[in-house]
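Protein sequence lines correspond, in order, to chains A and B.
Residues in the first sequence are numbered from 1 upward in steps of one, following the numbering used here.
Residues in the second sequence are numbered from 247 upward in steps of one, following the numbering used here.
Protein chains: 2
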Amino acid sequence: MTAEEQVKQQAATRTLQEIQSEVRSTNKIALSVDCVIFGFDESKLKVLLIKSDLKKYTGKWSLLGDLVFPNEDIDEAAYRVLKQRTGLSDVYLEQVHTFGKVSRHPAGRVVTVAYCSLINVQHHKLNILDNELHWHDIKSVNSMAFDHQEIFDTCLKQLQKRVQEHPLGFNLLPKKFSLRELQNLYEAILDLKMDRRNFRKKFFSMDFLVDLKEMEQDVPHRPGKLYRFNFEKHEKKKKKFIGIDF
Amino acid sequence: MTAEEQVKQQAATRTLQEIQSEVRSTNKIALSVDCVIFGFDESKLKVLLIKSDLKKYTGKWSLLGDLVFPNEDIDEAAYRVLKQRTGLSDVYLEQVHTFGKVSRHPAGRVVTVAYCSLINVQHHKLNILDNELHWHDIKSVNSMAFDHQEIFDTCLKQLQKRVQEHPLGFNLLPKKFSLRELQNLYEAILDLKMDRRNFRKKFFSMDFLVDLKEMEQDVPHRPGKLYRFNFEKHEKKKKKFIGIDF
DNA sequence: GTTTCAATGTGTTTAATTTACACATTAATT
DNA sequence: AATTAATGTGTAAATTAAACACATTGAAAC
Numbered sequence: 001m002t003a004e005e006q007v008k009q010q011a012a013t014r015t016l017q018e019i020q021s022e023v024r025s026t027n028k029i030a031l032s033v034d035c036v037i038f039g040f041d042e043s044k045l046k047v048l049l050i051k052s053d054l055k056k057y058t059g060k061w062s063l064l065g066d067l068v069f070p071n072e073d074i075d076e077a078a079y080r081v082l083k084q085r086t087g088l089s090d091v092y093l094e095q096v097h098t099f100g101k102v103s104r105h106p107a108g109r110v111v112t113v114a115y116c117s118l119i120n121v122q123h124h125k126l127n128i129l130d131n132e133l134h135w136h137d138i139k140s141v142n143s144m145a146f147d148h149q150e151i152f153d154t155c156l157k158q159l160q161k162r163v164q165e166h167p168l169g170f171n172l173l174p175k176k177f178s179l180r181e182l183q184n185l186y187e188a189i190l191d192l193k194m195d196r197r198n199f200r201k202k203f204f205s206m207d208f209l210v211d212l213k214e215m216e217q218d219v220p221h222r223p224g225k226l227y228r229f230n231f232e233k234h235e236k237k238k239k240k241f242i243g244i245d246f
Numbered sequence: 247m248t249a250e251e252q253v254k255q256q257a258a259t260r261t262l263q264e265i266q267s268e269v270r271s272t273n274k275i276a277l278s279v280d281c282v283i284f285g286f287d288e289s290k291l292k293v294l295l296i297k298s299d300l301k302k303y304t305g306k307w308s309l310l311g312d313l314v315f316p317n318e319d320i321d322e323a324a325y326r327v328l329k330q331r332t333g334l335s336d337v338y339l340e341q342v343h344t345f346g347k348v349s350r351h352p353a354g355r356v357v358t359v360a361y362c363s364l365i366n367v368q369h370h371k372l373n374i375l376d377n378e379l380h381w382h383d384i385k386s387v388n389s390m391a392f393d394h395q396e397i398f399d400t401c402l403k404q405l406q407k408r409v410q411e412h413p414l415g416f417n418l419l420p421k422k423f424s425l426r427e428l429q430n431l432y433e434a435i436l437d438l439k440m441d442r443r444n445f446r447k448k449f450f451s452m453d454f455l456v457d458l459k460e461m462e463q464d465v466p467h468r469p470g471k472l473y474r475f476n477f478e479k480h481e482k483k484k485k486k487f488i489g490i491d492f
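Pasting the structure below:
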């Protein structure tokens, strides 16, 4: 870890009290980033949360976030938070929405830019840095600190939409995966059941899957074939008459 | 106009020099909103721009924006800018993306939240408040001040996507419109030609159009029927097996 | 007022995509 | 060797999208 990184790491662990004093020191608006970090484990979609350190919200969970430094791009700030908390870099990260209601944060006027990140939980397990963190099943997340519930809901909806438009889901899977895992993932994200035969047909008809000629190991029943994601460019079919689909 | 509105109007006409001095007075991050205001006129999609008042960018055009007040929601700030510049309220306004590179603005560290607005140009003509404003054909917009070109491009892409998912386009049309105008609008937004028969079929098969039993007036050839948008709720067809469409 | 013109208005056929649905195969377990 | 619980595969029906051509109307030109 470089000196610069250490400074950032130190700064990012400011308590809410410290943030509060900084925010209130001027009447200007403070800017933060919050990351909704998704993982996939045991056929369930999970989100990485931290225990809120503000008394008012004792027992509530929060997203991972921090104030943006004056000399740092907001995207960089989000990467920094992610790196600090998970130890991971080179992961999927996308800005989703900015939340800027006057009274959204108890520490003062803090506008926050929400990011959505998709990580591989297996990799993360090797790098876990903080025992205040916990992976929550998204179905059990229903009352978070501040307006974090709204931020989370927005990011989840965005993910559900995005995952149907772009092959993002692979970011949540291990490098080698079976079609069953892939389908479990989509069912967990979209919260629905799909027909196995149609699901397979759909993915095989696109160029996303490379057959690794390997089989699953240590599964209690018949092993399935393993695939990896095909990183070569995928041509998007152009339609002449764009299907307006309200 | 209330006293509060006057204060806001006054504040919003700050010059860039004034903004600059405010931004540099602390080392904190300043927050602004920028509005990409779309209109539709003469079968062309237009965007409302203002001449940049910063010397470095003389002759360049800018989006309409302002700093966010400490006691104002960011959505409110965007509405304020829109109201000031167009005189219009109750118009379509949607947050699109936040731009937060360290050096994006010459006045210092200003992070800006971009909004997309769709207005009816006919209404706006009655309310025009500022002769520094100009409606530009989107096809001729290619070098704006600061990073406004990038912001504009992002908002246009977002609009192209949104308009195929939701019936937003109607916000750009007069209350009464012909199918030809509707198709011209979609062709202008999406920058493509559509088959007239399929286009009509598509819109009639949805519940969006109410036949006003009126005909166009003062058109140089055979008049077409006039319609209005049907504001009643439209049930979105649910698919069982969600079409993953990369 | 007849003709010309340029737009509106309408249906059908084909292709592509989506959906529904059932049975054989495999490997681990008993 | 039989059982079990999963993987793996194909086809038919329904829906949706795409391609395509001609009659009708009203204004403008003559």
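Note that beta-carbon positions come from the ideal geometry of N, C-alpha and C, so glycine has one too.
- Boundaries cannot be given for B/Asp-393, as no beta strand (DSSP E) includes it and DSSP labels it neither H nor E.
- Listed along chain A are His-97, Thr-98, each with a C-beta nearer than 8 Å to that of B/Gln-341.
- Inclusion of B/Asp-312 and B/Val-327 in the CB contact set at 9 Å is warranted, their separation being smaller than that value.
- A/Leu-182 is classed as buried because its beta carbon has at least 16 other beta carbons within 10 Å across all chains shown.
- With its beta carbon at least 9 Å from every one in chain B, A/Glu-181 lies outside the interface.
- When secondary structure is reduced to three states using DSSP, B/Arg-426 falls in the helix class.
- Between B/Leu-339 and B/Asp-321, the CB-CB gap stays under 9 Å.
- Counting C-beta pairs with one atom in each stretch, the stretch 144-154 of chain A and the stretch 183-195 of chain A have fewer than three that are closer than 8 Å, which means they do not touch.
- Around the CB of B/Lys-447, fewer than 16 other CB atoms lie within 10 Å, so the residue is classed as exposed.
- Assignment of alpha helix (DSSP H) within the stretch 182-220 of chain A, counting only whole runs of 4 or more residues, yields 196-205 in chain order.
- Listed in chain order, the beta strand (DSSP E) elements of length 3 or more contained wholly in the stretch 286-342 of chain B are 290-297, 310-313.
- From the listed residues B/Tyr-303, B/Val-337, B/Ile-275, B/Val-342, the smallest Cα separation to B/Lys-403 is found for B/Val-342.
- Against chain B, the beta carbon of A/Pro-70 has neighbours under 7 Å at Asn-273, Lys-274, Ile-275, Arg-355, listed in chain order.
- Within chain A, the residues placing a beta-carbon under 7 Å from that of B/Ile-320 are Thr-98, Gly-100, Val-111, ordered along the chain.
- With fewer than 16 other Cβ atoms inside 10 Å of its own Cβ, A/Asn-142 counts as exposed.
- Taking 9 Å as the threshold, the shortest C-beta distance from B/Asn-373 to chain A does not fall below it.
- Under the Cβ criterion (8 Å, minimum of three pairs), the stretch 27-37 of chain A counts as touching the stretch 103-121 of chain A.
- Chain B places no beta carbon closer than 9 Å to that of A/Asp-211, leaving this residue out of the contacts.
- With respect to chain B, the C-beta atom of A/Gln-164 has a partner C-beta closer than 9 Å.
- At a cut-off of 9 Å between beta carbons, A/Asn-198 contacts chain B.
- B/Lys-274: not part of any beta strand (DSSP E); DSSP gives it neither H nor E.
- Close partners of A/Met-215 in chain B (Cβ separation under 9 Å) are lacking, with about 25 Å as the shortest Cβ gap.
- Nearest to B/Phe-454 by C-alpha distance, out of B/Lys-306, B/Gly-305, B/Lys-421, B/Pro-469, is B/Lys-421.
- Between B/Phe-284 and B/Leu-418, the C-beta spacing is below 9 Å.
- Across the set B/Gly-489, B/Tyr-303, B/Lys-371, B/Arg-331, the C-alpha of B/Gly-489 shows the shortest separation from the C-alpha of A/Arg-162.
- Against chain A, the CB of B/Pro-352 has no partner CB under 9 Å away; the residue lies outside that interface.
- Per DSSP, reduced to three states, the secondary structure at A/Lys-225 is strand.
- In this structure, the beta-carbon distance from A/Val-91 to A/Asp-34 does not fall below 9 Å.
- By the rule that beta-carbons nearer than 9 Å mark a contact, A/Met-206 touches chain B.
- A/Val-110: member of the beta strand (DSSP E) spanning 110-118, first to last residue.
- Residue environment: A/His-134 is assigned as exposed (fewer than 16 neighbouring CB atoms within 10 Å of its CB, all protein chains considered).
- Scanning chain A for C-beta atoms nearer than 9 Å to the C-beta of B/Ile-384 yields nothing, as the closest lies near 17 Å away.
- For B/Lys-329, no Cβ of chain A is located within less than 9 Å of the residue's own Cβ.
- Distances from the CA of A/Lys-139 to each of A/Asp-41, A/Leu-45, A/Glu-216, A/Ser-205 were compared; the closest alpha carbon is that of A/Leu-45.
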